[in-house]
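Quick note: the sequence shown, position 166, residue 247 per this note's numbering, numbers continuous. The beta carbon of each residue, even a glycine, is placed where N, CA and C say it ideally should be. Keep in mind it's a predicted model, so treat the numbers as computed, not measured. First comes the structure, then the notes that go with it.
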Amino acid sequence: WAARKTKTTEEFFAAGRTISGRQNGFALAGDYMSAASFLGIAGLVSLSGFDGLIYSTGWLVGWPVVLFLIAEPLRNLGKYTFADVVSFRLRQTPVRVAAAIGTLAVVAFYLIAQMVGAGNLIKLMFGISYELAVVIVGLVMLAYVLFGGMIATTWVQIVKAVLLLGGAALLCVLTLAQFDFNPAVLFDKAAQEYGREVLAP
């Protein structure tokens with residue numbers, strides 16, 4: 082379905098500008114509700130108490146920068162990448178080399194965490210070796226993006242956001258139901274189990 086709708090450069094990079102603001106909001110939410118953030122933040126909170134929560138809000142700092150300094154010039158100039166905008170004003174080759182190196186460095190670290198999570202999940206679900214699971218996930222992801230473009234990736238993130246928000250809300254309700262929907266009782270129980278320091282900064 083996505084591949085049939087992806088014929089031009091604009092459709093590949095910008096989904097043909099057919100994604101609404103609400104859909105884009107869900108897609109951005111899905112993008113940040115990844116295995117790395119869900120498992121990582123849960124692990125940090127369990128190890129560090131409330132101090133671990135600061136990492137879940139830290140990425141918000143980058144969004145105004147992206148929105149005001151990058152997104153608007155991209156749209157106004159009709160460009161598709163940050164490197165396109167900067168090379169429009171400066172020398173093209175050094176800008177594109179620097180952008181490529183920066184992008185690959187960031188994506189490599191992010192991708193490692195994602196692939197570890199996905200590989201372990203596929204291994205657990207289907208009983209195949211971890212290495213094969215990582216290769217399969219990588220190939221499926223690569224094919225999906227190459228053939229479906231931004232339409233495909235946006236809809237994956239929308240579906241993921243809906244499922245994760247629904248699942249997290251259900252877990253929250255089920256957990257609070259064990260404590261008569263009283264967070265104070267929940268925190269008292271956590272303090273009894275793990276000590277008062279789990280609630281302290």
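Chain-order list of residues whose beta-carbon lies under 8 Å from that of residue i (same chain, five-residue window excluded)
i: Phe-260; result: Val-266, Leu-267 and Lys-270
i: Phe-169; result: Leu-158 and Lys-160
Cα-Cα separation, residue i to residue j
i: Leu-245; j: Lys-204; result: 21 Å
i: Thr-256; j: Val-126; result: 16 Å
i: Ile-135; j: Leu-280; result: 14 Å
i: Val-197; j: Asp-112; result: 17 Å
i: Leu-227; j: Leu-141; result: 29 Å
i: Val-167; j: Leu-148; result: 16 Å
i: Val-218; j: Ala-123; result: 24 Å
i: Thr-138; j: Met-114; result: 12 Å
Beta carbon of residue i nearer than 7 Å to that of residue j
i: Phe-119; j: Ala-242; result: no
i: Asp-132; j: Pro-282; result: yes
i: Val-215; j: Gly-229; result: no
Sequence-distant residues of the same chain with beta carbon closer than 7 Å to residue i, five excluded per side
i: Thr-87; result: Phe-93, Gly-229, Gly-230 and Ile-232
i: Tyr-225; result: Ala-233
Proximity test, Cβ basis, 7 Å: residue i and chain D
i: Pro-154; result: In summary, chain D is missing from the structure at hand, where a single protein chain is found.
Is the segment 143-155 close to the segment 222-242, with three or more CB pairs under 8 Å?
no
With contact counted as at least three CB pairs below 8 Å, one residue from each stretch, are the segment 203-217 and the segment 184-191 in contact?
no
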